[in-house]
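As structure tokens, the structure follows; a few thoughts come after it.
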Amino acid sequence: YNLGFNAVRLPFSNEMLRVNYPPDGSINYKLNPRLRGLVALEVYDEVIRSLGRHRIAVVVNNHTTFGEFCGPPSKNSLWFDPYGSFSEEQWMS
């Protein structure tokens, strides 16, 4: 069936790459029981796989440093936070 679109931009935060589990309440495990116990990046991978099964292209978007609102004024308004918890070494790796 046709969903009316064939591509999505799927943003992620750098913080998501370093946390163990998605925040409480962010996943309805009754509807998505297979996601229980997965770390945040594994959940992201499952979303991409699911979209692929529907032949939807995914544009992976490194959108924010922190997993929160990114509009100004906020610490997510820049691609880095000079006073944040991520070192230059972490940014480069």
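When the sequence shown is numbered by the numbering used here, its final residue is 93 and no position is left out of the sequence of numbers.
Ideal placement from N, C-alpha and C gives every residue a C-beta, glycine not left out.
Since we're looking at a predicted model, the values are computed, not measured.
A40 is bridged by DSSP to nothing; it lacks a bridge partner. Distance from the CA of P23 to the CA of N2, rounded to the nearest whole angstrom, comes to 32 angstroms. Assigned with DSSP and collapsed to three states, P23 falls in coil, not helix or strand. Non-local C-beta neighbours of N14 in its own chain, meaning closer than 6 angstroms and more than five positions away in sequence, comprise T65, ordered along the chain. In the three-state DSSP reduction, L10 falls in the strand class (E or B).
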